[in-house]
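S.K.: Structure below; questions to follow.
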Amino acid sequence: MLTHILSLLGLMLLCGGWVLFQGWLSRQDPEYKGYKAGCGACKQGSGCSTQDGCDTTVQIDLPSPK
């Protein structure tokens with residue numbers, strides 16, 4: 044029984060740490076608007092700069108999964 048309580052306590056601490064880390068991360072980069080699907084696959088590396096995210100004219104076409 045004690046191992047179950049310790050496991051739950053550990054999980055709670057991990058989740059609390061994740062919440063604190065996300066708060067710290069949002070304070071470090073307040074301009075970050077979140078993940079945009081397809082970003083990071085641009086040919087220009089970090090040069091994909093449009094207001095909405097990645098410019099589709101410089102995106103790499105990835106093959107569909109098999």
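Numbering (our numbering), first residue to last: 44 to 109.
All C-beta atoms, glycine included, are put in the ideal place defined by N, C-alpha and C.
How many angstroms separate the CA atom of Gly60 from the CA atom of Ser69?
M.R.: 14 Å
S.K.: What is the residue span of the alpha helix (DSSP H) that Met55 lies within?
M.R.: 45-71
S.K.: Express the C-alpha separation of Glu74 and Leu57 in angstroms, rounding to a whole number.
M.R.: 26 Å
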